[in-house]
Amino acid sequence: MTWEIKQCAVTVRNPEGLHMRPALKIVQAANGFQCQIELERAGQIADCRSMLSLLTLGAPQDCELLLRAQGPDADEAIRVISLMFSQQFDE
Amino acid sequence: MLELQGIAVSPGVAIGRALVFDREGYRITRCLVAVGEDEREWQRFVDAVRQASLKLESNRQSTADKLGERIGDIFSAQLQVLSDPQLQTELESLIRKKAYSAEYAVSEVFTKYAAAFRKSTSSFLSERAADIRDVERSLLEALTGQPMATLKTLPHEAIVVSHDLTPGETASFDPEKVLGICTEAGGSGGHTAIVARGMEIPAVVGVGNFLHNIRSGDEVIIDGHLGRIIVSPNDATRDRYKERRLFRESIATQLQEIRDLPASTSDGVRIELMANLEFPNEAASCVARGADGVGLYRTEFLYLGRDQEPTEEEHYQAYAQVVRDMQNRPVVIRTLDLGADKMGMTMLAEPENNPFLGLRSIRLSLRNPPLFRIQVRAILRAACLGDVRVMFPMITTLDELRSARFLLRSVSEDLAAEGKHIQCAVQVGMMVEVPAAVLMLDRFIDEIDFVSIGTNDLTQYTLAVDRSNDSVADLYQACDPAVLRLIQRTHQIASEKKKSTSVCGEMSNNPAYALLLVGMGIRTLSLAPAAIPILKKAIRSVTIGQCEAMAWRALRLSTAREVDAFLMNQLAGLVPEIVLQA
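Residue numbers (the working numbering), protein chains in the order written: chain A, 1 to 91; chain B, 92 to 673.
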């Protein structure tokens, strides 16, 4: 069966943007889910399991991104990762 | 095609493939593996990833223990990059489908990411490029099993491209393999420049950041005359340079014909053309180029890239070789002229805020009498073998000159007491490089046998310009009227006392400037050996009256720009056949 695509908008709150550490946390979180998870910035799509592709987004502070997930645990993934964004990745 | 401007420090044109030593100093050559080897290559890569991960993990552990988890996270992030799925896919495709060697694939992919990051407008990301390069380095070290390859072990002929070269790297050059040198950093007095000039390898330094735009294997042209570097030249440019190189070679053959003729003006005024030497093994080629002697034997090479002082015997052997090879022609040996930091002799070096105004040159020697005595002993011993003269650099005060002479005398007495055969009547000269020395020269002149004007430092100290500093380098002009007046005054004072004045800065390498100096009355010029034949040609094409007229007018101009334009114009009129070379 195909899963419905879930998505929500997130904002980068960290002053240094989506840098190494936040990216690392996203990858670690994404690896705990079964679903496909992506972040999109103005048409550029990054795989949340790939540090490099996340970093290549070059998202600075206040940048708005689209978080998208597809799979059995998509809802939970969206909830956890968007929470990480709003909590500034505990920084 | 990419064209960049730097500082020309060693003349000549080199065309070849780049070998890039990046900031960390490792090198990668483009290389493919044989058909059927790709699976083995992939396995090699997988092993390297495992090794690099183990190393990063242990770095993470120890860093986290010492500085806390937060800092240790830097390594977690690097570990994550190492196992990045996107990266793995790209590498696998290069290695398995395109038969890239693992090293080449790694370098290719990481260079791409680092460049993408660096280009990014957000500053945090552009700084992340360094993290990416760290991961790359761990991988490459795991692949090659060694920290880095050095310039000693170049696999083939190449143009060395680097951020900067350490004294150790430059000292271990293989001149057979290095066609040309280009660095982001550095200035004309740095060790890279010294070594390149000494080995007559075309070199351009101080280009500024460009390593991200060049990869090992790219075709590169180094123009050591104009200080230009061209990456991936188009056909027209390459052809133009090849033609120019042919032109230079044909001129060189013509110049060979006047090799054994004296450097005299067409109306018979003899000009002594001496050579500036970096290394002992250059002496033979100086003779081959028709040099009248060695006007400046720089001794810094003995100290380059070592952390121990050279012994008296090492000094002696180096001097003796030059004196013998020059076959009774005069050899002026200059005592050590660098800051301790420049020589890699860090035990003598204290970090300084302002090295050009600090403990360098004769000041360093006088502050370290044991080091100075060793060199002076060797010079005096070598003086028995031929016409050796000693010259003290950067003399600023009379006290310095007297201290240096005092040490010279006491060393000479020591040698005599030891029963060593030495030459007592060694001529002693000083370099005029500091405006204070010019102003006080009438007091110095009775205590020396000759003066030699070092125009590089004289220009720097007169105009207060550091020419390795991009922002002010254009102010550095040896033909600035202020510098010309100091040269004129020096010559005037010395000639009143019948002492000889020579000019040994880079200024003499330019035939137009050299003819000006001749017109001002200078009869001895010391220059790069490679520049001697052309200058001889220029001198033989003019009369002394023409040079004097040129000097008379040049000294009445008010700015460096006017002087330079006037001199270049004069040269084109007087010796048109060599002007194409410039």
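Ideal placement from N, C-alpha and C gives every residue a C-beta, glycine not left out. Given the structure is predicted, the values throughout are model-derived calculations rather than measurements.
- B:Leu234 is the residue among B:Ile635, B:Tyr407, B:Leu506 and B:Leu234 whose C-alpha sits nearest the C-alpha of Arg131 of chain B.
- For Gln412 of chain B, the closest of B:Glu400, B:Asp428, B:Glu443 and B:Cys377 by C-alpha to C-alpha distance is B:Cys377.
- Rounded to the nearest angstrom, the Cβ distance from Leu549 of chain B to Val517 of chain B is 25 Å, too far for a contact under 8 Å.
- Around the beta carbon of Ile623 of chain B, a 10 Å sphere encloses 16 or more other beta carbons of the protein chains shown; the residue is thus reported as buried.
- Straight-line spacing of the CA atoms in Asp73 of chain A and Asp164 of chain B works out to 27 Å.
- If you keep only unbroken alpha helix (DSSP H) runs of at least 4 residues inside the stretch 582-669 of chain B, you get 602-610, 623-631, 635-645 and 651-665.
- Residue-level contact by beta carbon holds for Arg49 of chain A and chain B, with a gap shorter than 8 Å.
- Closest in C-alpha terms to Gly308 of chain B, from the list B:Phe338, B:Glu597, B:Glu183 and B:Leu123, comes B:Leu123.
- In terms of CA proximity to Val100 of chain B, B:Ala284 leads the group B:Phe112, B:Phe483, B:Ala284 and B:Gln142.
- Only buried fits Ser198 of chain B, as 16 or more other CB atoms lie within 10 angstroms of its CB.
- For Asn547 of chain B, the enclosing alpha helix (DSSP H) starts and ends at Thr546 to Leu554.
- Beta bridge pairing from DSSP links Lys6 of chain A with A:Ala69.
- In the structure shown, the three-state DSSP call for Val295 of chain B is strand.
- Not one beta carbon of chain B lies nearer than 8 Å to the beta carbon of Val12 of chain A.
- Contact check for Asp565 of chain B against Phe447 of chain B fails: the beta carbons are separated by 8 Å or more.
- Burial check for Ala294 of chain B: the Cβ neighbour count within 10 Å reaches 16 or more, so the residue is buried.
- Annotation: Cβ neighbours of Arg21 of chain A in chain B (cutoff 9 Å, chain order): Arg161, Asp164, Ile165, Ser167 and Ala168.
- Residues of the stretch 169-199 of chain B with a Cβ closer than 7 Å to any Cβ of chain A, in chain order: Gln171, Val172, Asp175, Pro176, Gln177 and Leu178.
- Judged by beta-carbon spacing, Thr581 of chain B lies within the 8 Å limit of Ile544 of chain B, meaning their Cβ atoms are closer than that value.
- Counting only residues of its own chain and dropping the five nearest sequence neighbours on each side, Glu400 of chain B has a CB closer than 8 Å to the CB of Tyr394, Met436, Leu462 and Ile465.
- When C-alpha distances from Ser253 of chain B are compared across B:Phe301, B:Ala206 and B:Gly289, the shortest belongs to B:Phe301.
- With respect to the 8 Å criterion, Val10 of chain A and Leu65 of chain A are classified as neighbours on the basis of their beta carbons.
- Between Glu369 of chain B and Phe338 of chain B, the C-beta gap is not smaller than 8 Å, which leaves the two residues out of contact.
- Residue nearest to Leu93 of chain B within the set B:Asn325, B:Leu607, B:His512 and B:Cys638 is B:Asn325 (criterion: CA-CA distance).
- Contact annotation, Val525 of chain B with Met482 of chain B: C-beta distance approximately 15 Å; criterion of less than 8 Å not satisfied.
- One thing to note: Thr553 of chain B has its Cβ within 8 Å of the Cβ of Ala573 of chain B.
- At a Cβ-Cβ threshold of 8 Å, Asp255 of chain B and Glu275 of chain B count as neighbours.
- By the neighbour-count criterion, in which a residue is buried when 16 or more other Cβ atoms sit within 10 angstroms of its Cβ, Leu530 of chain B is exposed.
- The beta carbon of Leu24 of chain A sits closer than 8 Å to some beta carbon of chain B.
- Membership of Ser307 of chain B in any alpha helix (DSSP H) is not indicated, and neither H nor E is assigned to it by DSSP.
- Beta-carbon to beta-carbon, Gly610 of chain B and Glu639 of chain B are separated by about 5 Å, close enough to satisfy the 8 Å threshold.
- By the rule that beta-carbons nearer than 8 Å mark a contact, Phe338 of chain B does not touch chain A.
- The C-beta distance from Arg151 of chain B to Leu170 of chain B rounds to 7 Å, short enough to fall under 8 Å.
- Under a criterion of Cβ atoms nearer than 7 Å, the residues of chain B adjacent to Leu52 of chain A are, in order, Val172, Asp175, Gln177, Leu178 and Tyr204.
- Val80 of chain A has a beta carbon lying at 8 Å or more from every beta carbon in chain B.
- In this model, Leu471 of chain B and Leu110 of chain B are separated by some 43 Å (Cα to Cα).
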